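Participant: This is the structure I have questions about; it appears just below.
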């Protein structure tokens, strides 16, 4: 079974994000880049499916700058078999729809039985990709899955997606798109041999023309990023507890209108 | 001149950091408090193949160099694991080196794959209570009885001896008097089973690194088959030399990592801790010592990478390896001390973590070679001054 895992390179979760000199983007100085954590669940799940079935291929794919190759290399070190790097000036200011079109085109070429996304990238938190790609392909899609089992004949998948206090269980014919929620698995750390093997695996460069795509202007443009206003300081209510509680309740009701 | 790591080295750095940081500072605090061997930590590194980092590929390892091993240990220390985390791991790096370079093919085939897989816990038996740094005066002796060697004697500062399954042991096979012209001849290296019916182990309580045991051992008629001699009989000391420079480089980079871990916490604290209505880091009396310590740690780190590069390129590196260890131990200690001072009273409390690093870093001024002996090396071998002892 061939499984394709689209991933995104994002700033490390511990990064203190600062707005850049050009307010359309962030200041990337000194940032450590990682594979978006939800995408790691997707890679891990794909590897587990392959291992469980005893055969198959896991292909990692990303659209991004030259630096994004590092993220693909990390997926190869985890155990993905090969990678595709979509990189082209045509995608420089791509919005989600442009990226989804590129991914859908590469998925048509690769013809995997399953596409596994992370539920969203942790940088812009758009979470649009799984549904957009599924729509463009005309494939069924289940988002935020917490568990999955592929049928023995490889024709369908039983997926449980997270809903408030319960799991929504679907039987979905393959091919389909799934997106991973935290809790689906515990991603592995690459082994040293995995890291050493990663440099021998293929990362294929893919241009827009290879997918038969022309540059289409982004429909969604970032105008500017704005930092959140600083949080107002907290207020300490002094006095005896009984009196202070009264004041607290009054303040919550009248000033904050929270109760 | 290229100071950049290769893409693979960058990846090793990143992945080791991620794995090492998955063990919290509380994990290490607990291990230190309970004097418990960090089994889970070693298991995680074993499972992901890190223990075989320098074992050649044909024996099941990854065949990488001292540079990569240094990256591994640096990240472990910088993650806050300190020497509690680094010591058990570095025992898979430099003690196997004489085996890799000098052991018979049969011995290598038998043991290197098991070391690479982490199935052997090694102890290292060189230092003795009555010899110290003057290794030629060791009193542990091995006598040949038919096809076996019978070893008797004492060793001290044996790390891992509580759990070890094998020991790389140096013993006299020719009395010193008979090789008086060349006192470093006549010693032989054995890769022996840690036979607890013949070896008695006494743990030494110490200032830091309670999680990883240090011991004195008493060897009483330990029998070793002749095929378990490493390299040539009588040449053991010279075989051992191959692991001494890597050991100095690796411990140097560990001290650098520990210094960075302490500074990381102290800098964070200096930014957050408000006294007299401002963060304490605004005071130059706090900021400058931190900046100074940072600069010294960075400088020492450079020497570690240079020494590692020289070693991996087969060039002489004695001067650099000794300098790396000397300067890293100083810089690491200063960093931990400044960090502790930055925390004020809280620095003395275990729950702020720097206290453990402060106790652990002190070791690096003593081991694997004292600062004074490193200076002796530089005086004699680099500056050409007359030997003082």
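Protein chains in written order, with my numbering: chain A, 148 to 406; chain B, 626 to 1014.
Just so it is clear, CB atoms sit at the ideal spot from N, CA and C, and this is done for glycine as well.
These numbers come from a predicted model, not from an experiment.
Just to confirm before moving on: does the CB-CB distance between residue 980 of chain B and residue 972 of chain B stay below 9 angstroms?
Facilitator: Yes, Cβ-Cβ distance for residue 980 of chain B and residue 972 of chain B is below 9 angstroms.
Participant: Go ahead and label residue 722 of chain B buried or exposed: buried means 16 or more other beta carbons lie within 10 angstroms of its beta carbon, across all protein chains shown.
Facilitator: The residue is buried, with at least 16 neighbouring Cβ atoms inside 10 Å.
Participant: Which same chain residues, not among the five before or five after residue 193 of chain A, have their C-beta less than 7 angstroms away from its C-beta?
Facilitator: Cβ neighbours of residue 193 of chain A beyond the five flanking positions: 150, 152, 205 and 263.
Participant: Please identify the residue among B:914, B:787, B:939 and B:959 whose C-alpha is closest to the C-alpha of residue 925 of chain B.
Facilitator: Measuring from the Cα of residue 925 of chain B, the nearest candidate turns out to be B:959.
Participant: Smallest Cα separation from residue 833 of chain B: which of B:795, B:860, B:818 and B:978?
Facilitator: Comparing Cα positions, the closest option is B:978.
Participant: Residues of the region 243 to 269 of chain A in Cβ contact with chain B at a cutoff of 9 angstroms, in chain order, please.
Facilitator: Flagged: no residues at all.
Participant: Any Cβ of chain A within less than 9 angstroms of the Cβ of residue 636 of chain B?
Facilitator: Yes, residue 636 of chain B lies at the interface with chain A (some Cβ there is under 9 angstroms from its Cβ).
Participant: On the three-state DSSP scale, how would you describe residue 947 of chain B?
Facilitator: Residue 947 of chain B falls in the helix class under three-state DSSP.
Participant: With burial defined as no fewer than 16 other Cβ atoms inside 10 Å of the residue's Cβ, what is the status of residue 984 of chain B: buried or exposed?
Facilitator: Answer is buried; the Cβ neighbour count reaches 16.
Participant: Three or more beta-carbon pairs under 8 angstroms between the region 665 to 676 of chain B and the region 382 to 389 of chain A, yes or no?
Facilitator: Cβ pair count under 8 angstroms is below three, so no.
Participant: Would you call the CB atoms of residue 877 of chain B and residue 950 of chain B closer than 9 angstroms?
Facilitator: It is a contact, given that the beta carbons lie within the stated cut-off.
Participant: Tell me the DSSP secondary structure of residue 305 of chain A in three-state form.
Facilitator: Three-state result, residue 305 of chain A: strand.
Participant: Can you round the beta-carbon distance between residue 989 of chain B and residue 954 of chain B to whole angstroms, since I take them to be within the 8 angstroms contact cut?
Facilitator: Right, their Cβ atoms sit about 4 angstroms apart.
Participant: Where do the ends of the beta strand (DSSP E) carrying residue 232 of chain A lie?
Facilitator: It spans 229 to 233 - the beta strand (DSSP E) in which residue 232 of chain A sits, taken as one unbroken run.
Participant: Taking a contact to mean a Cβ-Cβ separation below 9 angstroms, would you say residue 835 of chain B touches residue 660 of chain B in this structure?
Facilitator: It is a contact, given that the beta carbons lie within the stated cut-off.
Participant: Contact defined as beta carbons within less than 8 angstroms: I believe residue 736 of chain B pairs with residue 816 of chain B. What is the distance between those atoms, to the nearest angstrom?
Facilitator: With 8 angstroms as the limit, residue 736 of chain B and residue 816 of chain B qualify as a contact, their Cβ atoms being about 7 angstroms apart.
Participant: Using DSSP's beta-bridge definition, name the partner residues of residue 300 of chain A.
Facilitator: Looking at the DSSP assignment, residue 300 of chain A forms no beta bridge with any residue, so it has no partner.
Participant: On the DSSP letters alone, give me the boundaries of the alpha helix (DSSP H) that residue 868 of chain B sits inside.
Facilitator: Counting along the chain, the alpha helix (DSSP H) containing residue 868 of chain B begins and ends at 861 to 897.
Participant: What did DSSP end up calling residue 370 of chain A once you bin it into helix, strand or coil?
Facilitator: Looking at residue 370 of chain A - three-state DSSP - the assignment turns out to be coil, as it is neither helix nor strand.
Participant: Listing by chain order, which chain B residues have their CB less than 8 angstroms from the CB of residue 346 of chain A?
Facilitator: In chain order: 632 and 633.
Participant: Does the beta-carbon of residue 175 of chain A have 16 or more other beta-carbons within 10 angstroms, so that it is buried, or is it exposed?
Facilitator: Classification of residue 175 of chain A: exposed, given that the 10 Å Cβ count is below 16.
Participant: Scan the region 319 to 351 of chain A for residues whose Cβ lies nearer than 9 angstroms to a Cβ of chain B and list them as they occur along the chain.
Facilitator: Going along the region 319 to 351 of chain A in chain order, one finds 335, 336, 337, 338, 339, 340, 341, 342, 343, 345 and 346 with a Cβ nearer than 9 angstroms to chain B.
Participant: Should residue 1085 of chain B be labelled buried (16 or more other beta-carbon atoms within 10 Å of its own) or exposed?
Facilitator: Chain B is shown from 626 up to 1014; residue 1085 of chain B falls before or after that span and cannot be answered.
Participant: Pick helix, strand or coil for residue 651 of chain B, following the three-state DSSP scheme.
Facilitator: Helix at residue 651 of chain B.
Participant: Let me know the secondary structure DSSP gives residue 812 of chain B once reduced to three states.
Facilitator: It is a strand residue.
Participant: Just by C-beta distance, which residues in the region 753 to 782 of chain B are closer than 9 angstroms to chain A?
Facilitator: Listed by position along the chain: nothing, the set is empty.
Participant: Assess contact between the region 316 to 324 of chain A and the region 209 to 220 of chain A, defined as three or more Cβ pairs (one per stretch) separated by less than 8 angstroms. Is contact present?
Facilitator: Result no; under three Cβ-Cβ pairs closer than 8 angstroms.
Participant: Just checking, does the region 323 to 343 of chain A make contact with the region 281 to 295 of chain A on the three C-beta pairs under 8 angstroms criterion?
Facilitator: Touching, yes.
Participant: Could you list the residues in the region 635 to 668 of chain B with a C-beta less than 7 angstroms from some C-beta on chain A, going in chain order?
Facilitator: Of all residues in the region 635 to 668 of chain B, 636, 637, 640, 643 and 644 have a Cβ within less than 7 angstroms of some Cβ in chain A.
Participant: In this structure, does DSSP put residue 660 of chain B in helix, strand or coil?
Facilitator: Residue 660 of chain B falls in the coil class under three-state DSSP.
Participant: Determine the DSSP secondary structure at residue 289 of chain A, reduced to helix, strand or coil.
Facilitator: Strand, per DSSP.
Participant: Answer yes or no: does any C-beta atom of chain B fall closer than 9 angstroms to that of residue 220 of chain A?
Facilitator: It does; some Cβ of chain B falls within 9 angstroms.
Participant: What are the boundary residues of the beta strand (DSSP E) that includes residue 352 of chain A?
Facilitator: Counting along the chain, the beta strand (DSSP E) containing residue 352 of chain A begins and ends at 350 to 353.
Participant: Decide if residue 840 of chain B is buried, meaning its Cβ has at least 16 other Cβ atoms within 10 Å, or exposed.
Facilitator: With 16 or more Cβ atoms within 10 Å of its Cβ, residue 840 of chain B is classed as buried.
Participant: Buried or exposed for residue 913 of chain B, please, with buried defined as at least 16 other CB atoms from any protein chain shown within 10 angstroms of its CB.
Facilitator: Looking at its Cβ environment, which holds fewer than 16 other Cβ atoms inside 10 Å, residue 913 of chain B is exposed.
Participant: Examine chain A for any beta-carbon lying closer than 9 angstroms to the beta-carbon of residue 675 of chain B, and answer yes or no.
Facilitator: For residue 675 of chain B, the answer is yes, since a Cβ of chain A falls inside 9 angstroms of its Cβ.
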